[in-house]
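In our numbering, the protein residues as written are 80 to 569.
Remarks on the structure that follows.
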Ligand SMILES: Cc1cc2nc3c(=O)[nH]c(=O)nc-3n(C[C@H](O)[C@H](O)[C@H](O)COP(=O)(O)OP(=O)(O)OC[C@H]3O[C@@H](n4cnc5c(N)ncnc54)[C@H](O)[C@@H]3O)c2cc1C
């Protein structure tokens, strides 16, 4: 029996973040197609709203600047980018996807510029991180402005945008995807016929059960802290699997350290993210805190601790240092390099009052207030202070410049957590972003882009190429849409 549809479009895009809006805009504006964009939240934007920088290679912005601001640094070529994706992932990145990224990101920057975005900087994410390539294009107004501009571009291009309308299921005939079953904003089923469907629903990072199932975070998946209110719950991966898709390198998740109950711009969270003394719930140190220079590596390190519990221990001198001299490492725009953490004391006092941080006049008192064994914590701090005094850390070889002792009362403990920002892939795609099955054969009519598409990562988000996820989101959306236009127009 013929299926009855509520609406008919050339292209249906699932998800209204950076990848989805880029896809919808391209299909409507360049392809002249009839496009619907389904967004499950009341507003579009997704995690892309929080993104600060966008990776690109050999862009007009890099060419205009000739060299980065830091002495001796250079802007990477496409080939260097391609190699870094392959090598960082231990060759688990898909070369066709990596090539798609390095070849097309420069155009992404030009398109966003043509829509009104101004780039203030092409830099790295964290100064002091020796491995980063200078790919981080920082837009004026950051991700929020980019998403606002793209939304307007979609509206102007005639895209029909349905908010509070989650996609539930892909409609298939034989192996071919022919539409989407969604739930409209009043809760009614909505069957939409489409010649192509582009999954752009942001991955599974906000679904702890899927994080447990698909990422390497098995033990700590349910102990993570969600520091932004996104709802990327893996709907795209689930729907693609039902339609016969294969997966690839599902386990990469982007994890950042954030104080539980706080935001990434909070100064107490910023203090805890510095390379200060970190202990886990056993009261012992567990890593060289210099790993703080890469938020992705820090996320991995924190996520490996029992129940994902980590405390940053700081004393009155460090509080003063962070307020007066500023941060020792940067966390993008959330906490800038050398930014003075002027609210730190105020926040610490409030956090202690709220029971999400602790203080003590002695280390033993601090430990008791935290519910940890005072003797173990005191021994940990004594050993760490001895290393600070010598300027050499025999346990974890933390560089001397980060060896800041914990000596002057009052002492504070900030409750740091691994916070999964997003997942980085899951659905196997080819270089055209077509979803493929177990035999690597494209599933007709189906594409996956942005965080939903695999191909750039192994097990960890690649901060050596900062801005990769956002560059990939906008670029993969456009490349998928162009392919869909070609297929539809024959
Ligand atoms: C705090 C934070 C900071 C970040 N900073 C950076 C950065 O500086 N640089 C960088 O490269 N990356 C950064 N990222 C990663 C960011 O996720 C990517 O950059 C990228 O923008 C993701 O785009 P996307 O379109 O794949 O997903 P999103 O932008 O998350 O969009 C997915 C959309 O799909 C919607 N959706 C989900 N399920 C459904 C459904 N069933 N039906 C309809 N809609 C659905 C969601 O509500 C969401 O709007 C950051 C992420 C976070 C959380």
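Ideal Cβ placement from N, Cα and C applies to all residues, glycine included.
Just so it is clear, the structure is predicted and the values come from calculations on it, not from any experiment.
Asked                                                                                                                                   : Found
Sheet register partners of residue 497 (DSSP bridge)                                                                                    : 336
Strand pairing of residue 521, partner residues [DSSP]                                                                                  : 515
Burial state of residue 518 (16 or more Cβ within 10 Å)                                                                                 : exposed
Near ligand 1: residue 183 beta-carbon under 7 angstroms from a heavy atom                                                              : no
Reference residue 369, options 325, 132, 198, 206, closest by Cα                                                                        : 206
Local conformation of residue 571 per DSSP, three classes                                                                               : Because the chain here runs from 80 to 569, residue 571 falls outside it and cannot be looked at.
The segment 84-98 in contact with the segment 121-130 per 3-pair CB rule at 8 angstroms                                                 : yes
C-alpha gap between residue 161 and residue 400, whole angstroms                                                                        : 40 angstroms
Buried or exposed by the 16-neighbour rule on C-beta atoms within 10 Å, applied to residue 358                                          : buried
Bridge-paired residues (DSSP) for residue 255                                                                                           : 252
Close beta carbons around residue 139, own chain, < 8 angstroms, minus the five adjacent residues each side                             : 185, 188, 189, 192
Pair within 8 angstroms by beta-carbon distance, residue 195 and residue 499                                                            : no
CB contact flag (residue 208, residue 352, <8 angstroms)                                                                                : no
Those residues which DSSP pairs with residue 218 across a bridge                                                                        : 198
Of the listed residues 529, 295, 173, nearest to residue 379 (C-alpha basis)                                                            : 295
Touching by the beta-carbon criterion (3+ pairs, under 8 angstroms), the segment 252-259 and the segment 214-226                        : no
Residue 86 beta carbon less than 8 angstroms from that of residue 238                                                                   : no
Same chain, Cβ closer than 7 angstroms to residue 203, five either side skipped, listed in chain order                                  : 211, 213, 215, 545
Proximity below 8 angstroms, CB of residue 343 to CB of residue 334                                                                     : no
Any non-hydrogen atom of ligand 2 within 7 angstroms of residue 118 CB                                                                  : This structure does not include ligand 2; its bound ligands are ligand 1.
Extent of the continuous beta strand (DSSP E) to which residue 241 belongs                                                              : 239-241
7 angstroms Cβ shell around residue 144 - same chain, five flanking residues per side excluded                                          : 201
CB contact flag (residue 397, residue 297, <8 angstroms)                                                                                : no
Which listed residue (135, 169, 103, 240) has its alpha carbon closest to that of residue 122                                           : 240
When 526, 511, 516, 529 are compared against residue 179, the one with the closest alpha-carbon                                         : 511
Exposure label - residue 135; buried when at least 16 CB within 10 Å                                                                    : buried
Same chain, Cβ closer than 7 angstroms to residue 231, neighbours up to 5 away in sequence not counted                                  : none
Within 8 angstroms, strictly: CB atoms of residue 316 and residue 506                                                                   : yes
Length of the line joining the Cα atoms of residue 269 and residue 306                                                                  : 32 angstroms
Buried versus exposed call for residue 199 [16 or more other C-beta atoms within 10 Å across all chains shown]                          : exposed
Distance, residue 130 Cα to residue 221 Cα                                                                                              : 7 angstroms
Same chain, Cβ closer than 8 angstroms to residue 495, neighbours up to 5 away in sequence not counted                                  : 336, 337, 338, 339, 348, 351, 352, 357, 381, 389, 390, 391
C-alpha gap between residue 533 and residue 165, whole angstroms                                                                        : 13 angstroms
Residue 541 classed as buried or exposed, judged by whether at least 16 other C-beta atoms fall within 10 angstroms                     : buried
Cut-off 6 angstroms between Cβ atoms - residues of its own chain near residue 113, not counting five sequence neighbours on either side : 88, 89
Local conformation of residue 352 per DSSP, three classes                                                                               : coil
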